[in-house]
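Okay, structure first, notes after.
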Amino acid sequence: MNPDGKAVIKAAEYLPPHEPPSAEFPYLLTTGRTLYHFHTRTKTGRVPQLQAAAPDVWVEMSAEDAAEHGWGEGDVLRVSTARGRVEARLRVSGIRRSTLFLPFHYGYWDTPGGSGPAERGRAANELTVTDWDPCSKQPLFKSAAARVERISVADGPSRAPTTTASRPVAGASVPETSGGAAAAVLERLE
């Protein structure tokens, strides 16, 4: 604290990604959360409205990258890194070019059998760099260099939720959030 009682704010030094994109893995994969689930969905996955809003893993890609490949909303893609792969439906969004996003809430533990990685991988954090913070020993489950390929053409839209964080492309025909009105997020201040 400063003598006047205000907090001292210090900026952290920028560190580049531990695994930058390369010719073999040209995309930067980042993992994160969705509004509808918490960690591995042990509780939120049991709430019908939350499960209906975000029932399955998806991958976000920029409209420019998707157009360059000739891919569309709902196509099934395989995202691969040096550590594994995940198969997910494509959500075309306003994400930065050459960047992919996968939510980390899904995995093999919630699929039939559940004892090990399924044929169709779903666990985003298993694709990320195996590295640890030197002080806290917290694992770095956030990014990895990745490549992506289309496995099949869409037979329907992505079941990904549409949120402000996803920044759907303006003017694009992005489907409404799965789960309908029961899954809508409303906030009212009185």
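Every position in the sequence shown, counted from 1, becomes a number in our numbering once 178 is added. Built from N, CA and C at the ideal position, the CB exists for glycine as well. Treat the numbers as computed from the prediction; the structure is a model and nothing was measured.
C-beta contact flag for residue i and residue j at 9 Å
i           : j           : result
residue 328 : residue 253 : yes
residue 258 : residue 305 : yes
residue 284 : residue 224 : no
Rounded Cβ spacing between residue i and residue j (contact assumed at less than 8 Å)
i           : j           : result
residue 256 : residue 267 : Not a contact, Cβ separation roughly 11 Å.
residue 321 : residue 197 : 7 Å
residue 311 : residue 276 : In fact, because the Cβ distance is near 26 Å, the residues do not count as touching under 8 Å.
Assigned exposure category for residue i - 16 Cβ within 10 Å defines buried
i           : result
residue 248 : exposed
residue 280 : buried
residue 323 : buried
residue 217 : exposed
residue 278 : buried
residue 245 : exposed
residue 307 : buried
Sequence-distant residues of the same chain with beta carbon closer than 8 Å to residue i, five excluded per side
i           : result
residue 274 : 240
residue 215 : 222, 223, 228, 232, 281 and 283
residue 180 : 186
residue 159 : Because the chain here runs from 179 to 368, residue 159 falls outside it and cannot be looked at.
6 Å Cβ shell around residue i - same chain, five flanking residues per side excluded
i           : result
residue 188 : none
residue 338 : 236 and 269
residue 238 : 269, 271, 273 and 279
residue 309 : 196 and 318
residue 261 : 305
Beta-carbon proximity list for residue i, same chain, < 7 Å, skipping 5 on both sides
i           : result
residue 303 : 209, 282 and 319
residue 183 : none
query = Is there contact between the region 330 to 339 and the region 197 to 211, where contact requires at least three CB pairs shorter than 8 Å?
reply = Between the region 330 to 339 and the region 197 to 211, the count of Cβ pairs shorter than 8 Å is below three; the stretches do not touch.
query: How do the region 221 to 235 and the region 194 to 201 stand: do at least 3 beta-carbon pairs fall below 8 Å, yes or no?
result: No, because fewer than three Cβ pairs between the region 221 to 235 and the region 194 to 201 fall closer than 8 Å, the two stretches do not touch.
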